[in-house]
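A short worksheet on the structure shown next.
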Amino acid sequence: MANTLDQIFVLLKHWIVAYFPLALQPVVGILLSVVAIIATFPALFALTTVIERKGLGRMQNRIGPNRTGPFGILQPVADGIKSLTKEDIVPRSADAVVHFVAPLVLVVVVFMGFAVLPMGRNMQLVDMDAGLLYFFAIGASAELSIFMAGWSSRNKYSLLGAMRAVAQMISYEVPLLMSTVAIVMITGSLSLVKIVEAQNQYTWGLPHWYIFTPWGFAAFIMFCIAAMAETNRSPFDLPEGESELVAGYFTEYSGFKFALFFLGEYVGMFSISGLGTTLFLGGWSAPLAVLNFMPSWIWFFSKVMLSIVVMIWIRGTLPRLRQDQLMNFAWKFVLPMTLLNLFVAGLWRFMGEGILRWLVCSAILLGVYVIVGRTEMRRRKIGPRSYRYAE
Amino acid sequence: MTPLAGYLLVAALVFAIGLAGALTRRNAILVLIGIELMLNAANLNLIAFWRYSPHPEVLTGMMFAVFSIAVAAAEAAVGLGLVIALYRHAHTTDLDEINRMKG
Amino acid sequence: MQEMQEAIQFSPYTVASWIGRILWLIPALPIVAAGIIALLKQPKRKLASGLAIGSLFLSLLLSLAAFAEVLAGWASGHAVRETVNFAWLTFGTTPVELGWILDPLAAVMLVMVTFVGLLIFIYSTGYMAHDENFTRFFCFLSLFAGAMLGVVIANSLLLLFMCWELVGLTSYLLIGFWYQKPSAAAAAKKAFLTTRVGDIFFLLGIVWLFAQTGTLLFYNQGAGSMEPDALAGMLASPAGLGLSAATAIGLLIFAGAAGKSGQLPLHVWLPDAMEGPTPVSALIHAATMVAAGVYLIARVYPLMAAGVQPGGTTTALTVVTWIGASTAVFAALIAVAQNDIKRILAYSTVSQLGYMMAGLGLGGVAVGMFHLITHAFFKALLFMGAGSVIHGCHEEQDVRHMGGLRKYMPWTYGAYLVGMLALTGFPIFFSGFWSKDAILESAHHWKAGQGPFFMLVFGALLTAFYMTRQMSYVFFGEYRGHGHAHESPRVMTMPLAILAFFAVALGVLGTPAWPWFRSFLTDRPSTFGLAGFNEPGLVVLMLTSTAVVAIGYGVGWALYGNRSPQASERDALEKAIPPVWTALSNRLYVDEFYGATFIAFYYWWARVADWFDRRVWGGAVAAVMWFFGLWARFNRFLDENFVNGGFDKGCEELSVGGGLLARVQSGRVQTYLRLLALAVVVLAAILIWSSRG
Amino acid sequence: MNIVFWILAVITVLSGLAAVTLKNTVHCALAVTGAFAGLALLFLQLDAQFAGFAQILVYIGAVAILVVFAILLTRGSDTPAQGVFSRTWFAGLLIAAAVFTVLGWAVMNSAAALPHENAVPTVTVQQIGQALMGRYVLPLEIVALLLTAAMLGAVIVAMHEKGEPK
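Protein chains in written order, with the numbering used here: chain A, 3 to 393; chain B, 147 to 249; chain C, 1180 to 1872; chain D, 219 to 384.
Printed below as a string of structure tokens:
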């Protein structure tokens, strides 16, 4: 029973596919999965917007949307309708073609990321041998769409926002990659499915998630930071810093295109936290051996949503960085730390089983983190934000 | 016509296009773009030959392509850096006007 | 050390316990410490001394471990001789091997050197406290310690020689430590050159040995140069003058040893070496370095004694004996008439070294080494006592300006007294008595004549005499120095106390009743029993030496006891026998003799060479120079008038051509690229044509 | 010669052409990105997953961005007065054509000799990794060195000199 529940979507797919002639079956199968993905995540996106708005509201002692539907659950529907019915304004001086293409590229690219994420047992579109590489390759091409958006709308705010965004994404892509390489080193494969399976085993009922190892934990922290910067979430949301440049690169967008950007951004969040879940939090594997009876996809999605909530929480908590702080942080702290982490992961790999490697690795990481952190703080490179112009 | 020949033709075409770009554009950056295209055409050749070689598992062609991609990245970085430096000196990227090395 | 380690793994013959394997650490530690100290800044005194002392302390621990290892082996009845050898470099086919050895001899020496060294290090922190070159001093000291330990553990004559020379160097550096003092600088040079004379012969011996046996290792599973078949081979091969190669090599090596430990013809440097800081005199010129020569002889004793019949002797040993004995008497004589407290001790050291050599020659390794060990302790004690005295009397070294210090510095007095009694061999209670007695006994039993015996007895008499003289000058009577004498700090007196204890206690190990030391070195089980005294003539002998010593004390006290002669007035002995006195106080004119002969010859030769340089060679060079000058003028003339014109024309042509070519260089990137592409087209076309045709 | 190949080929060639002919420099940059993407897809279609993704990652992710940055930094986006093509564009065009003819001719000549369809090579990333760490480790190191040097060089070259206004 549990098994069928676990595999329900897969079974469903097979059942439907069976109705088609043999020649078409693979195509149809893929199409079905794609449709499923494209259906699921916008729904999640809608849900998330509510959660975010209400959550942020509570954090700021507001109530948040509460008119449409019970507790404002239907708010996203209203938003959707609004944005669809709005007039789509294209500035005269804008570069029409690029201006039009940009959001499409973004959305497409972002959705492509899901192709390799295993969202449950046997629930991935393709099990690519180079899945991780694929994911990053796709993610890299999102930057270009942002640039297109910013540049094409012939607006200095948009251009500045785009430039900031691109610069930021480029600089944080490196640590993002680096922090995941440790995982690859240990698993010995780039395939996300294999990575999840490697984590899907238990000792004393506790899972072998990579986050529960010293290097894994360190890598996870770095990954989170880089991921947030990658998705332009606060505290790294300079590209759309309302106070500085109106709405960043999509200032000149309105109506449905704006909604597309919004969608793209959130789906990007989903995909990146899905990746984080897959790499560090054991993907669809249950947190405890005893909980295995529950279907795997529930675990995956709950983990993803959990990390989304954390992201929202952080957004509500932390102030925004300054550009130079951002860059310094990326290149002078995060990157070196991820490199160190690679070394530690190698050590872990070769020290073999035993308590010793735990001690050594944790010691190295902790020591260096404390030292570097202290010195950096003292050198005020990434110290607490100083309001040089606001005093 | 074998598939390999097809790939080779495409590669040759892209190469030629890149060359044309490199030869005809004024803007230094576009010349660089042309060169990048040529490099990519070469990569396509390598990959195609690897794919249709009797022993693809030896990986030589693929490796070659990967390395040349890496090198191309370096080349792009340096080249664009040079263009920017050049621009800062001559305040233009127009190659017709930049002929200070004239004998 | 790293490649050493690896070499060891590959070395096919490694039979060593854990301590045997890491024996190299013992010399390595101080040397490394020296290296670090060398990098320190001057004000880092605490750190420097701490490093030196700490490293030497570690070495001491390791040495004790090694000693324990050997002891255990010996107790369980089988002789311990662990060697670790490895090929260093290869000449043609024969590899030159280095290695270290752990056997009773080395173990005993290791413990002695590290222990005495450690005490002296500690002592130096007090003695050198006011010197601004404190750190440099400790750098040299621990370098010396490392080198000396290297000498001790060396299992290869080559390695030993390296460390040997290193020891020489450090001794040079330390004697000349106060190089701003001209006398110190001169003394350093003298020491260095004099020992060099010996070392030349030593080196010759080494080379010859290598030629004879093809190896420089002492012990190497039967293939070493100190092992029977090699010795037999050397005995077989004659070397002219009716000597066997073994004897000749032995004598050459002995020459080196004589140079290092101031034996008769080459003793001149040792007294002058007292210009160095007193701890140096104690460490190098009493306890360790000068003993290196004796140790060397003990090391190569098999070679020296090659082909000896039981009870008989060999040429080499005879030479050693006679030189040792005569040195003993000679130096003792000179010591009688010295006024510098350290010089007296220096000469006494020389004579004691003579005793050791004689002991080696007469009674074998055990006898000589036992005296070496005991002497190391009590002579170090005496020197440090002297240092403390000098310290207390405000750097006064002339005994005539001291006196009555018994009251002012009781600790030093006590220690000094112990040392003096031990040195003079006061019966029963002091180690010196037993060790010297052993030598006398073996001298008495010597088949090849009684000469050495009488000389040594006379030496003992003199020793007692001059020590009494010194004691009464320094500690009795009333104070005649300037300023006000004071006791030295605890850090200086503590080592004195410790050394004093050992100066007494060590005797236990060598009494005829329980000849532990001897049996330990010679791998025989030791038994306790008063039977040891029943040897014919032994008791008589002991009584004789006691009597002799007593006479020495008596005469000394009679002449100098408790009177406090002024520096101006003539010495008591001088009043008695003026001519002898003058001779003695001028150190029997040895230096003058050398000055008149060797050095004068060198001066003359140098002048000749100088003349040659100036006149003959210089003239030739000048002529050549002049010729080339002329030639150059001629060339210049040619250039200016013929060559240049042609060149100018050519240049003009070239520049025109260049201008033409420069047209091609439009400076446009795309032009170049175009040419490139064209070239590609042409090449490809040619290729295809060729491939088709 | 399946249809996918032709589509990709057409995309690649067209975007390549656009890249060298369009007036606006940024458009050229975007077009060339399209060409890169097409080539990457061709790689994938040649079962060279790793190379393909590497291509996307490097060219679309890095080089294209670099190019647009460079364009914006050198004010290259506004089209110059005296046309975008250099004075000698015609010669350039001819030469390019010549090159293409020669290459194409060569390919066609040897087309018969070229191997036909052969088995799809099953190359896992792991094998590639082992090859990189094993047989090709030296080139790998050298490339790493080169990249470092290039990075430093680029920074140095593009950096503002002292005293020069930013």
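By construction, the Cβ of each residue, glycine as well, lies at the ideal position given by its N, Cα and C atoms. All values reported here derive from a predicted model rather than from experimental measurement.
The stretch 193-201 of chain A / the stretch 349-364 of chain A touching (three or more Cβ pairs under 8 Å): no
Paired residues, beta bridge with residue 350 of chain A - DSSP: Stepping through the first sequence from its first residue, residue 350 of chain A is reached at position 348. Residue 350 of chain A pairs with nothing; no bridge assigned.
Members of the stretch 326-342 of chain D that neighbour chain B once the beta carbon cut-off is set at 7 Å: 329, 332, 333, 334, 335, 336, 339 and 341
Where the stretch 1335-1364 of chain C meets chain D: residues whose CB sits under 8 Å from a CB there: none
Within chain A, the residues that residue 360 of chain D reaches when beta carbons sit closer than 8 Å: Here the question's residue 360 of chain D lines up with position 142 in the fourth sequence. Chain-ordered listing is empty here: chain A has no CB closer than 8 Å to the CB of residue 360 of chain D, the nearest sitting near 20 Å.
Beta-carbon gap between residue 335 of chain A and residue 374 of chain A smaller than 9 Å: Translated into the one-based positions of the first sequence, residue 335 of chain A becomes position 333. Translated into the one-based positions of the first sequence, residue 374 of chain A becomes position 372. Yes, the Cβ-Cβ distance between residue 335 of chain A and residue 374 of chain A is below 9 Å.
Cross-chain neighbours of residue 223 of chain D in chain B, by beta carbon under 9 Å: The residue labelled residue 223 of chain D in the question sits at position 5 within the fourth sequence. Near residue 223 of chain D (Cβ distances below 9 Å), the residues of chain B are 149, 152, 153 and 156.
DSSP-derived helix/strand/coil call for residue 1847 of chain C: Indexing the third sequence from 1 puts residue 1847 of chain C at position 668. Three-state result, residue 1847 of chain C: coil.
Amino acids of chain C, ordered along the chain, whose beta-carbon sits closer than 8 Å to that of residue 321 of chain D: Position 103 of the fourth sequence, counted from the start, is the residue given in the question as residue 321 of chain D. Within chain C, the residues near residue 321 of chain D are 1863.
Through-space distance from residue 1453 of chain C to residue 1356 of chain C, alpha-carbon basis: In the third sequence, counting from the first residue as 1, residue 1356 of chain C sits at position 177. In the third sequence, counting from the first residue as 1, residue 1453 of chain C sits at position 274. When rounded, the distance between both Cα atoms is 11 Å.
Beta bridge counterpart(s) of residue 171 of chain B as assigned by DSSP: Position 25 of the second sequence holds residue 171 of chain B. As a beta-bridge residue in DSSP terms, residue 171 of chain B pairs with D/303.
Distance CB(residue 152 of chain A)-CB(residue 167 of chain A) smaller than 9 Å: Your numbering for residue 152 of chain A matches position 150 in the first sequence. Your numbering for residue 167 of chain A matches position 165 in the first sequence. Yes, they are a contact pair.
C-beta neighbour in chain D for residue 393 of chain A, strict 9 Å: Position 391 of the first sequence, counted from the first residue, corresponds to residue 393 of chain A. Reliability of the predicted coordinates at residue 393 of chain A is poor, the pLDDT of 49 falling under 50, and the value obtained from them is presented with this limitation in mind. Not one chain D Cβ lies under 9 Å of residue 393 of chain A.
Three-state class that DSSP yields for residue 70 of chain A in the structure shown: Residue mapping note: residue 70 of chain A aligns to position 68 of the first sequence, counting from 1. Looking at residue 70 of chain A - three-state DSSP - the assignment turns out to be coil, as it is neither helix nor strand.
Extent of the continuous alpha helix (DSSP H) to which residue 1508 of chain C belongs: Position 329 of the third sequence holds residue 1508 of chain C. Start and end: 1494-1515.
Contact list for residue 276 of chain D against chain C, beta-carbon separation under 8 Å: One-based indexing of the fourth sequence puts residue 276 of chain D at position 58. Within 8 Å Cβ-Cβ: nothing; residue 276 of chain D doesn't reach chain C, min ~24 Å.
Any chain C beta carbon closer than 9 Å to residue 168 of chain B: In the second sequence, the residue the question calls residue 168 of chain B occupies position 22. With 9 Å as the cut-off, residue 168 of chain B counts as an interface residue toward chain C.
Status (buried if at least 16 other CB within 10 Å, exposed otherwise) for residue 308 of chain D: As a first step, residue 308 of chain D must be located in the fourth sequence, where it is residue number 90. Classification for residue 308 of chain D: exposed.
Continuous alpha helix (DSSP H) stretch holding residue 1278 of chain C: start and end: On the third sequence, position 99 is the one that residue 1278 of chain C refers to. Looking at the DSSP string, residue 1278 of chain C is not in any alpha helix (DSSP H); the run it does join, the beta strand (DSSP E), is 1273-1281.
Three-state class that DSSP yields for residue 1185 of chain C in the structure shown: By one-based count along the third sequence, residue 1185 of chain C stands at place 6. Note that residue 1185 of chain C scores a pLDDT of 37, beneath 50, so its modelled location is shaky; the value from the coordinates is reported in the next line. Under the three-state reduction of DSSP output, residue 1185 of chain C falls in the helix class.
Same chain only: Cβ atoms within 7 Å of residue 1875 of chain C, ignoring 5 sequence neighbours per side: As shown, chain C starts at 1180 and ends at 1872. That puts residue 1875 of chain C outside it, with no answer to give.
For residue 205 of chain A, the residue or residues it bridges with in DSSP: Working through the first sequence from its first residue, we reach residue 205 of chain A at position 203. Per DSSP, the beta bridge partners of residue 205 of chain A are A/208.
CB of residue 370 of chain D within 9 Å of CB of residue 135 of chain A, strictly: Within the fourth sequence, the letter at position 152 stands for residue 370 of chain D. Within the first sequence, the letter at position 133 stands for residue 135 of chain A. Contact: no.
Residue 227 of chain D and residue 166 of chain B closer than 9 Å at C-beta: To locate residue 227 of chain D, count along the fourth sequence from 1; it is residue 9. To locate residue 166 of chain B, count along the second sequence from 1; it is residue 20. Not closer than 9 Å, so no.
Residue 132 of chain A in three-state terms, based on DSSP: Walking along the first sequence from the start, residue 132 of chain A turns up at place 130. Coil.
Burial state of residue 292 of chain D, where buried means 16 or more other Cβ atoms lie within 10 Å: One-based indexing of the fourth sequence puts residue 292 of chain D at position 74. By the 10 Å Cβ count, residue 292 of chain D comes out buried.
Residues of the stretch 242-269 of chain D whose Cβ lies closer than 7 Å to any Cβ of chain A, in chain order: 244, 248, 251, 267 and 268
Counterpart residues of residue 240 of chain B in DSSP-defined beta bridges: Here residue 240 of chain B corresponds to residue number 94 of the second sequence, with the count starting at 1. DSSP lists B/173 as partners of residue 240 of chain B.
Cβ-heavy atom distance, residue 339 of chain A to the ligand MG, below 8 Å: Looking at this structure, you won't find the ligand MG or any other ligand, since it has none at all.
Test item: CB-CB of residue 1566 of chain C and residue 1427 of chain C under 9 Å: Taking the first residue of the third sequence as 1, we reach residue 1566 of chain C at position 387. Taking the first residue of the third sequence as 1, we reach residue 1427 of chain C at position 248. No; because the gap between Cβ atoms is not below 9 Å, this pair is not in contact.
Nearest to residue 1273 of chain C (by Cα), restricted to the options C/1288, C/1393 and C/1557: Walking along the third sequence from the start, residue 1273 of chain C turns up at place 94. Ranking C/1288, C/1393 and C/1557 by Cα distance to residue 1273 of chain C puts C/1393 first.
Residue from C/1279, C/1359, C/1444 and C/1677 whose Cα sits closest to the Cα of residue 1295 of chain C: Walking along the third sequence from the start, residue 1295 of chain C turns up at place 116. That would be C/1677, whose Cα lies nearest to the Cα of residue 1295 of chain C.
Contact set between the stretch 138-149 of chain A and chain D, restricted to residues whose Cβ is under 7 Å from the partner: 138, 139, 142, 143, 145, 146 and 149
Coil, strand or helix - residue 1310 of chain C by DSSP: Sequence index remark: in the third sequence, residue 1310 of chain C carries index 131 (1-based). It is coil, neither helix nor strand.
Interface partners of residue 179 of chain B on chain D, CB under 8 Å: As a first step, residue 179 of chain B must be located in the second sequence, where it is residue number 33. Within 8 Å Cβ-Cβ: 237, 238, 246, 247, 250 and 285.
Residue-level contact to chain C via CB, residue 301 of chain D, 9 Å cutoff: Counting from 1 along the fourth sequence, the entry for residue 301 of chain D is found at position 83. It does not: the Cβ of residue 301 of chain D has no partner Cβ on chain C nearer than 9 Å.
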